[in-house]
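*Asks:* Submitted below is the structure of interest, expressed as structure tokens.
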Amino acid sequence: MSWNAAVEAHDSHRANLPGFLRGGGSTLFPEEVGLLGDLGGKALLHLQCNSGGDSISLAGLGARVTGVDISDEAVVSARKLARQAGAQVRFERADLYDWLRESSREGRRFDAVFASYGVVCWLPDLVAWAGGIAGVLEPGGRFVLVDFHPVADILDEDGSHTRDYPAGGESMHLQEGVGDYVAASGGGLTPAGYLEGATSFRNPEGAHLFRWGLGEVVTALAGAGLRITALHEYPYTNGERCFAGMRELSGRRLVPPEDVPAIPLMYGIRAERA
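Note that my numbering has the sequence shown beginning at 2, numbered continuously upward.
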């Protein structure tokens, strides 16, 4: 699996993340924290949790967190990080669709469900995804998603318009697989400090992405009976360098070069179950 192959490279760049989290540090950005609101005492489900830094940071805000990811290696890494950071977070390895279906049937319920950054592109079925989320939310519970804007997907690494706007879940084969985007961020994704770590990482496993438009994401959530209470579009990225020449502002926020007109590069959604 492409994600399994990339986990070690990603983790190699994170300097003393356990100590950073143990000392009250957080890997979260203001956008997701603001959309989630008060998490004190709330049961929170973190979908596609990867290596667990955000899950542990959410627990630091007072939530009782369950993280789910399909990657065996990511879950192993997340459990190790939680032990080292002294955090009480439950991590489960499963296919997202299977997990949501089985958990709904078993009556598992959460006050909040969360997913962020490069997650929608891995979903082959938005309707089943949205329905699964609705099925594990408590009445009045909320789903929060912060992800990269589909508009950014029409541009290549030099910022040139080279692709159609995403639509219909079009499958795209990524022959090079999951790359070392942590290294490419140059410290933007490592708030505890950046290590050179793995160099010249090449993933031996390819991957398939799915190209969805923003309207399709919103429509799927609304169709599952969730009420959209916020939809924000942001002309910057958090941590990740999508294009060449991006300028870093405070708080690990990145924007295009000064001579490039602003476009939405991320979006945030909050949706609530009645």
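Glycine included, each C-beta is placed from N, C-alpha and C at the ideal position.
1. Between F149, T220 and T191, which has its C-alpha nearest E234's C-alpha?
2. Please report the straight-line C-alpha distance between F244 and G188, rounded to a whole angstrom.
3. Quick one: any contact between the region 94–107 and the region 29–39, if contact means 3 or more CB pairs under 8 Å?
4. So, Y237 versus L190, is the Cβ gap smaller than 9 Å?
5. On the premise that L227 lies in contact with F144, defined as a C-beta separation below 8 Å, what is that separation, rounded to the nearest angstrom?
6. State the beta-bridge partners of D148 as determined by DSSP.
7. Looking at A88: is its Cβ nearer than 9 Å to the Cβ of R65?
8. Which runs of the beta strand (DSSP E) at least 3 residues long sit entirely within the region 113–199? Give them in chain order.
9. Taking 9 Å as the cut-off, decide whether the C-beta atoms of A86 and L37 are in contact.
10. Would E273 and G141 qualify as a contact pair, given that the criterion is a beta-carbon distance under 9 Å?
11. At the level of alpha carbons, what is the spacing between L62 and L40?
12. Sorted by chain position, which residues of the same chain lie with C-beta nearer than 8 Å to A225's C-beta, five sequence neighbours on each side aside?
13. Between D165, R80 and G207, which lies nearest to G178 when the distance is taken from Cα to Cα?
14. Could you tell me which of P19, E9 and S3 sits nearest to A184, measuring between CA atoms?
15. According to DSSP, L255 sits in a beta bridge with which residue or residues?
16. My guess is that P125 and G170 are in contact by the Cβ rule of under 8 Å, so how many angstroms apart are they, rounded?
17. Once DSSP output is grouped into helix, strand and coil, what is the label at F211?
18. Determine the extent of the alpha helix (DSSP H) in which D55 is found, giving its start and end residues.
19. Starting from L227, follow its DSSP beta bridges and name the residues at the other end.
*Replies:* Looking at the coordinates:
1. Taking the first residue of the sequence shown as 1, we reach residue 234 at position 233. For the residues F149, T220 and T191, the minimum Cα distance to E234 belongs to F149.
2. Sequence index remark: in the sequence shown, residue 244 carries index 243 (1-based). Sequence index remark: in the sequence shown, residue 188 carries index 187 (1-based). Whole-angstrom Cα-Cα distance: 15 Å.
3. no
4. Along the sequence shown, one-based indexing puts residue 237 at 236. Along the sequence shown, one-based indexing puts residue 190 at 189. Cβ distance not < 9 Å, so Y237 and L190 don't count as in contact.
5. As a first step, residue 144 is located in the sequence shown; it is residue number 143 there, counting from the start. As a first step, residue 227 is located in the sequence shown; it is residue number 226 there, counting from the start. Correct: roughly 6 Å between the Cβ atoms.
6. Mapped onto the sequence shown, residue 148 falls at position 147. Answer is Y268, bridged to D148.
7. For this step, residue 88 is matched to residue 87 along the sequence shown. For this step, residue 65 is matched to residue 64 along the sequence shown. For A88 and R65, no; Cβs fall outside 9 Å.
8. 138–149 and 171–175
9. Within the sequence shown, numbered from 1, the residue matching residue 86 stands at position 85. Within the sequence shown, numbered from 1, the residue matching residue 37 stands at position 36. No; because the gap between Cβ atoms is not below 9 Å, this pair is not in contact.
10. Working through the sequence shown from its first residue, we reach residue 273 at position 272. Working through the sequence shown from its first residue, we reach residue 141 at position 140. It is a contact, given that the beta carbons lie within the stated cut-off.
11. For the purposes of this step, residue 62 is taken as residue 61 along the sequence shown, with counting starting at 1. For the purposes of this step, residue 40 is taken as residue 39 along the sequence shown, with counting starting at 1. Taking the straight line joining both Cα atoms gives about 6 Å.
12. One-based indexing of the sequence shown puts residue 225 at position 224. Correct list, in chain order: V128, A131, G132, I134 and A135.
13. Translated into the one-based positions of the sequence shown, residue 178 becomes position 177. Considering only alpha carbons, the answer is G207.
14. Taking the first residue of the sequence shown as 1, we reach residue 184 at position 183. A184 has its Cα closest to that of E9, out of P19, E9 and S3.
15. Residue numbering aside, residue 255 sits at position 254 when the sequence shown is read from its first letter. Looking at the DSSP assignment, L255 forms a beta bridge with T238 and E249.
16. Here residue 125 refers to the residue found at position 124 of the sequence shown. Here residue 170 refers to the residue found at position 169 of the sequence shown. Confirmed, about 6 Å.
17. Start at 1 with the first residue of the sequence shown, and residue 211 comes out as number 210. In this structure, F211 counts as strand in the three-state DSSP scheme.
18. As a first step, residue 55 must be located in the sequence shown, where it is residue number 54. Segment G54 to A60, the alpha helix (DSSP H) holding D55.
19. As a first step, residue 227 must be located in the sequence shown, where it is residue number 226. According to DSSP, L227 bridges with R274.
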